[in-house]
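Read in UniProt numbering, the sequence shown has 21 at position 21, and its numbers run on one by one without any break.
Here the structure is laid out as structure tokens; the discussion comes afterwards.
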Amino acid sequence: MSCPASWAIGPSGIYGLQIGEEYGGAGESDYRYRMVVCEEIARVHTLSFGLTVALQDDLVLHYLLDLTTDEQKRRWLPGFARGETIGALAMTEPGTGSDLRGIRTSARPDGDDWILNGQKTFISSGIMADLVIVAARTDPDAGSRGFSLMVVERDMPGFTRGRKLDKIGLPGQDTAELYFEEVRVPAANLLGSPGEGLPQLMSHLPRERLGVTATAIATSRAIFDLTRDYCFDRRAFGKPIGDLQHIRFELAEMATELDIAEAYVDRSVRAYNAGELTAVDAAKGKWFVSELQKRVIDRCLQLHGGYGYMTEYPVARAFVDTRIQTIYGGTTEIMKEIIGRDLAG
């Protein structure tokens, strides 16, 4: 995925579904439209592109919709709507993943600016990004109220990008290390007020996790449908392998699991549209559906036999491309911890 590719896709409106019409978008907040996009991308087996779209729409965009001033919206949203501005969210550091309170990247006030120093890693779209929302510690003595979010723009002096990290999957979607050395960030690039960063991050995690869940169910369904057709086309022992009882049972189990998972995803989408999706319910969907995706795609690959191991088959690419989904956006273990704490009261 390259910047020119993003620019070419922009006129389709895919990046601007939820951006207001006054900024060049469609102004459509119903998450069911986003689900349609997930499903259509999954059916053409372009997961790297799908992740780039998801990062824009489910991750970065909503910080800019919810936390920006009118002036900031005018500066940044039209480019997003056209696909000309790529965004990234920089939370993770070499020593800090899910433990956001361990963030060491810092920013100190200097007149009307902030001076930013630190390092981020595993940043999706880090190479392509024109805008990076950076989580930084702005008051070391304020505890959870000592973090802020600020937007670093591509050409700011002191902002550099490390190498494009080598991953086992999603080769068309870049992941990078980012470095900030005495980067002067204008106060006009602060999102909200100083000290609000951690609550801002936490409040947006349910949307991010719903996005992972939506991608997982759409991809699982697409690979299952492909595999079902394969099983009734592929012949062995004088008949389609789908006529073998074991194969039919495998398909029946996966079809049932996917239907049940889709019902939960649909419920989550309705809750999100109503402003009622909780962090706990988002965590339930995120861990369960991403783990189901892992199992379903593994079983689908097995049903393809040796062909499933060949990279020209979508199931092989999906096997490695989707493996990250139980990790990013909060690992399965963190999701279960969120749910467990809620159960414990």
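We put the CB at the ideal spot given by N, CA and C, even for glycine.
- Judged by their CB atoms, Gln325 and Ser220 are not nearer to each other than the 7 angstroms cut-off.
- Close CB contacts of Ala142 within its chain, under the 7 angstroms cut and outside five residues either way in sequence, are with Gly195 (chain order).
- Taking a 10 Å sphere around the C-beta of Gly146, we find 16 or more other C-beta atoms and assign the residue as buried.
- No Cβ-Cβ contact shorter than 7 angstroms links Tyr15 with Gln72.
- Contact check for Leu190 and Ser144: beta-carbon distance about 18 angstroms, past the 8 angstroms limit, so the pair fails to qualify.
- With fewer than 16 other Cβ atoms from the protein chains shown falling within 10 Å of its own Cβ, Ala263 counts as exposed.
- In this structure, DSSP gives Asp155 a state outside helix and strand, which the three-state scheme calls coil.
- Cβ-Cβ separation between Ala216 and Val320: approximately 15 angstroms, too far for a contact (criterion under 8 angstroms).
- In this structure, Ala136 lies near Ala107, with their beta-carbon atoms less than 7 angstroms apart.
- A distance below 7 angstroms between beta-carbons, with the five flanking residues on each side excluded, links Lys286 to the following residues of its chain, in chain order: Arg209, Val212, Thr213, Gly329, Gly330, Met335.
- Comparing alpha carbon positions, the residue from Gly197, Leu201, Glu84, Ser268 closest to Asp30 is Ser268.
- Secondary structure of Lys167 (DSSP, three-state): coil.
- Cys231 is a Cβ neighbour of Leu303, given a cutoff of 7 angstroms.
- Within the same chain, Ala218, Thr219, Ala222 come within 6 angstroms of Ala42 by CB-CB distance, once the 5 residues on both sides are set aside.
- Within the stretch 24-90, the alpha helix (DSSP H) runs of at least 4 residues that lie entirely inside it are, in chain order, 31-43, 47-54, 61-67, 70-82.
- Annotated three-state conformation of Gln302 is helix, per DSSP.
- For Ser106, the uninterrupted beta strand (DSSP E) run begins and ends at 106-110, by DSSP.
- Going by beta carbons, Ala187 and Asp281 fall outside the 7 angstroms limit.
- Taking the C-beta atoms as reference points, Val134 is found nearer than 7 angstroms to Ala90.
- The beta carbon of Arg34 sits closer than 8 angstroms to those of Leu17, Gln18, Asp57, Asp58, Gly211, Ala214, all from its chain and outside the five residues before and after it, given in chain order.
- In this structure the stretch 163-178 lies against the stretch 43-51, because at least three pairs of beta carbons, one per stretch, are closer than 8 angstroms.
- Residue state for Gln18 is assigned as coil, using DSSP reduced to three classes.
- The continuous beta strand (DSSP E) containing Leu116 extends over residues 113-124.
- In the three-state DSSP reduction, Ala274 falls in the coil class, being neither helix nor strand.
- Of the residues assessed, Tyr309 falls on the exposed side of the cut-off, its CB having fewer than 16 other CB atoms within 10 angstroms.
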